[in-house]
Amino acid sequence: MKHPVFAANWKMNHAPADAEAFLRVFLAYYPKTQDRTVIFFPPALTLGAVHNALKDRTDIKVGVQNVHWEDHGAFTGENSAAIARGAGAKYALVGHSERRHVFGETDEQAGKKVAAAIRAGLTPVVCVGETLAQREAGETIAVVARQLRAGLAHADAAHVATCIVAYEPVWAIGTGKTATPSNASQVHLAIRHELRTLAADRSEAVPILYGGSVNKGNAEALLAAPEVGGLLVGGASLDAEGWSGIVRT
Ligand code: 13P
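Going by our numbering, the first residue of the sequence shown is number -11, and it counts up by one from there.
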């Protein structure tokens, strides 16, 4: 039996008041349940409001979209994993494709951020995924494996076992083009293989999420695919009623 993870990446959307209004609707549609995990990744400045609105809903978790790799210091505009933890985060996205492609984040930085998240007691959600050019050049598995190894470079097997991995093909993010369930599964199987080399049997517990133009229409088929342990959703997580439909898939 799968225990799926449904993660909403709000990206740069929803101010605190919008998030509170969203959650009033969402919570009415989504009664407490123990058979799945729901995680919200709001913008950092909205995180506290989301955490507060969810204080009676321990079944729903909050995460931060990005952390700095240092624990504290002179890094204007940045947030450390410990600050995110103090604001209520339990999870941290690391290496999201927008961080890599819009902000120039490297594999090495992703590795240091995963280590920082672990130090602060956050569960890292390590994001990997190939561009269209890499897919067309037949490099998908090599790219994803390289990103995964770099992302987990400073995590020992025990920590690898507590991480989440998200496969988000860059060409599928925000484009309306979704990987087919079998395409997604193929890459997820390769990720599972790679995880076994890093953490042997313990790696079996690591959920591997799919992300990229997930919506109500394709969520069920993607979730049913082998090795798809959950969904990381951008655009379709911004509407409370629509998102409540997806998390009840
Ligand atoms: P979309 O669901 O909008 O394609 O975004 C996916 C994503 O980047 C989630 O992290």
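Glycine included, every Cβ here is placed at the ideal spot set by N, Cα and C.
CA-CA distance, Pro169 to Ala37, rounds to 35 angstroms.
When the beta-carbon positions are compared, Tyr155 and Ala138 stay at least 9 angstroms from each other. One alpha carbon belongs to Asp47, the other to Arg184, and they sit about 29 angstroms apart. DSSP assignment within the region 72 to 102 yields the following whole alpha helix (DSSP H) runs of 4 residues or more, N-terminal first: 85 to 89. Looking at the backbone, the Cα of Ile152 and that of Gly218 are separated by about 10 angstroms. Between the C-alpha atoms of Val13 and Pro19 there is a straight-line separation of about 11 angstroms.
Under the three-state reduction of DSSP, Leu220 is assigned to strand. Using a C-beta cut-off of 8 angstroms, the region 57 to 64 makes no contact with the region 118 to 137, since fewer than three inter-stretch Cβ pairs fall below that distance.
Rounded to the nearest whole angstrom, the CA to CA distance from Leu110 to Ala69 is 7 angstroms. Between the ligand 13P and the CB of Cys151, the shortest heavy atom gap is not smaller than 8 angstroms. Annotation for Leu220 indicates a beta carbon within 8 angstroms of some heavy atom of the ligand 13P.
Note on the region 103 to 157: whole alpha helix (DSSP H) runs with a minimum of 4 residues are 120 to 124, 128 to 139, 145 to 148, in chain order. Residue environment for Lys43: exposed (fewer than 16 other C-beta atoms within 10 angstroms of its C-beta). Taking 8 angstroms as the cut-off, the C-beta of Ile129 does not count as close to any heavy atom of the ligand 13P. With a cutoff of 8 angstroms, Val102 does not count as near the ligand 13P, since its C-beta is closer than that to no heavy atom of the ligand. The nearest non-hydrogen atom of the ligand 13P is less than 8 angstroms from the C-beta of Thr163. Relative to the ligand 13P, the nearest heavy atom lies less than 8 angstroms away from the CB of Asn(-3). Bounds of any beta strand (DSSP E) do not take in Thr185; it lies within the alpha helix (DSSP H) bounded by 169 to 187. If you draw a straight line from the Cα of His176 to the Cα of Pro195, it is about 10 angstroms long.
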